[in-house]
Each structure stands twice: as structure tokens, then as C-alpha cells.
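Residue numbers (our numbering): 8 to 246.
Just below is one structure, and these are the notes that go with it.
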Ligand code: FPP
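Written out as C-alpha cells, the structure is:
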């Protein structure tokens, strides 16, 4: 099944939740859930690119995830490095560009190097942009943007007028587009500090499926549901 191109969301964002519970349910250690989750990242990325999605933003490590046991954090960072190194050929084959958002400078030099290498290698690719949110928090992003704006104002010696579009230019990715469809797996109904600015008019879609079990069929179900939504953006729409 392939949804009609006109109904494909331009920007999909996903809160990939449920790796730990998926593993627990199978009597496996939590890290096995993250490994399985990384396989789902590949599957869903390729399918989104195939369908013509322009931008896919994945919440891979939140600013709050540092509260987890150090062993789990270390595993996630190692997995991320392994994923990036292993994924570059697939990104090239599928014409996918890569980028990352968040307080990236607080990540380890080894992770930063892999991110930069992947970003540089894929920069000319013509298809979808895959964005990993890493050490990312939505409030932190807005705060960082406000600080950057204030820094600019100080340098110019005056506070210029500011539109929403101009402010968005100070976010981690100045070209970052509004989220059309925000998916959360794992059964909870929360935004969890993800893309607070960019998702202000996103259509929300929640599923009980744990992230490692989220597959192409489930993605198509979300897209079919999205295609039937009446997006009015505060207006009256077509009545
Ligand atoms: C939530 O599951 C998931 C994360 C905290 C990290 C997301 C990481 C991956 C999908 C795997 C690696 C990703 C890449 C890009 C290599 P959880 O641990 O909170 O699950 P739980 O709520 O069941 O405990």
C-alpha cells in the first residue's frame, strides 16, 4: 500500500518510546530493546524516504535522558556511533541527507565526530532529510533561541522587532519546518518536551505499539489517518 503523494505529511516527527518495555516483555535486558529500536529506525527512515516525506525528525536522546543509569547512557551513545557508521552507505544509497538538533556540543567528541562525518557525507543528497534530536529539549531550544536573539540584539545595540518566522530562524535548524504529523509509540499520550515550537499545529497520532514493533503497516495506518484529518489551523477550513 502506498498513500497518495498529496496526502503525505511533509514533516513527520516521532517519539520512539517503549524499547525498554519491549525487552522486558521478552525477558531480555533493556539494551536489547534499544538495539531492536535502532533496526526500526532504519526501516521507518527508508519507508518515509520512499513515500516522499521531506523531513523525518526522530527523538533519539532527550535532555532528560541523562537521568538514566550511566550504563544505559553509555550503551545508547555507543549504539548511536555504531548506527551512524553503519548507516552511511544506506543513507547514500537512498539519497537521504542527515542532520542533528539539540545541545550537540555537550555530547562526547567521538559522537560529535560521527555526526559531523555523516552530515558532511550526505549533504548533497536530494531526498529526505533525517534529523536526530540528541540531548534535545523543546524548552531548551526556545531558550537557546532567545539567548541567540538577545546576543544579536546586544551586538547591534538595539532590540529589533521580531516576527515568529524571524524567531524560528534562531532555532537549532533555522530551516526547520513545522511538524505535520507527530507520532508517539509506547502507549503514553505526552509530548515530552519534543519540538514545542515546531509542533504547535501538528496532528498527533499515538499507538500502543512499542517502538521495536512499530512497522511499515503501522506507519501506513498513521498516514491513512493523517490523510483524513481536517487541518484548519485555527480557521474554519472547508465547510
Ligand atoms: C525510549 O525507550 C527510547 C529512547 C530513550 C531512545 C531512543 C533510542 C532508540 C530508538 C535506539 C537507538 C536510536 C538510534 C538513532 C541509533 P525507553 O527506553 O524509554 O522505553 P521504556 O519507556 O519502555 O522504558
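By construction, the Cβ of each residue, glycine as well, lies at the ideal position given by its N, Cα and C atoms.
None of the values given here were measured: they were computed from a predicted structure.
Can you tell me which residues form a DSSP beta bridge with residue 191? Along the chain shown, read from residue 1 onward, the residue named residue 191 stands at position 184. Residue pairing from DSSP places residue 191 in a beta bridge opposite 22 and 213.
Would you say the beta carbon of residue 26 comes nearer than 6 Å to a heavy atom of ligand 1? Here residue 26 refers to the residue found at position 19 when the chain shown is read from its first residue. Yes - ligand 1 has a heavy atom lying nearer than 6 Å to the Cβ of residue 26.
In the structure shown, what three-state DSSP assignment does residue 130 receive? For the purposes of this step, residue 130 is taken as the residue at position 123 of the chain shown. Residue 130: coil per DSSP, three-state reduction.
Per-residue DSSP class, three states only, for residue 206: As a position in the chain shown, residue 206 is number 199, starting the count at 1. In the three-state reduction of the DSSP assignment, residue 206 falls in the coil class.
With 16 other Cβ atoms within 10 Å as the buried cut-off, status of residue 106: Position 99 of the chain shown, counted from the first residue, corresponds to residue 106. The residue is buried, with at least 16 neighbouring Cβ atoms inside 10 Å.
My output table needs one value for residue 62: the three-state DSSP class, helix, strand or coil. Stepping through the chain shown from its first residue, residue 62 is reached at position 55. It is a strand residue.
Return yes when the Cβ of residue 103 is within less than 7 Å of the Cβ of residue 135, no when it is not. In the chain shown, the residue the question calls residue 135 occupies position 128. In the chain shown, the residue the question calls residue 103 occupies position 96. A Cβ-Cβ contact shorter than 7 Å links residue 135 with residue 103.
Could you pull the start and end residues of the alpha helix (DSSP H) that residue 80 belongs to? Counted from its first residue, the chain shown places residue 80 at position 73. Residues 77 to 100.
7 Å Cβ shell around residue 155 - same chain, five flanking residues per side excluded: As a position in the chain shown, residue 155 is number 148, starting the count at 1. In the same chain as residue 155, and ignoring 5 residues on each side of it, the C-beta atoms closer than 7 Å to its own belong to 177, in chain order.
Same chain, Cβ closer than 6 Å to residue 25, neighbours up to 5 away in sequence not counted: Within the chain shown, the letter at position 18 stands for residue 25. Excluding residues within five positions, the ones whose Cβ falls inside 6 Å are 192, 193, 217 and 218.
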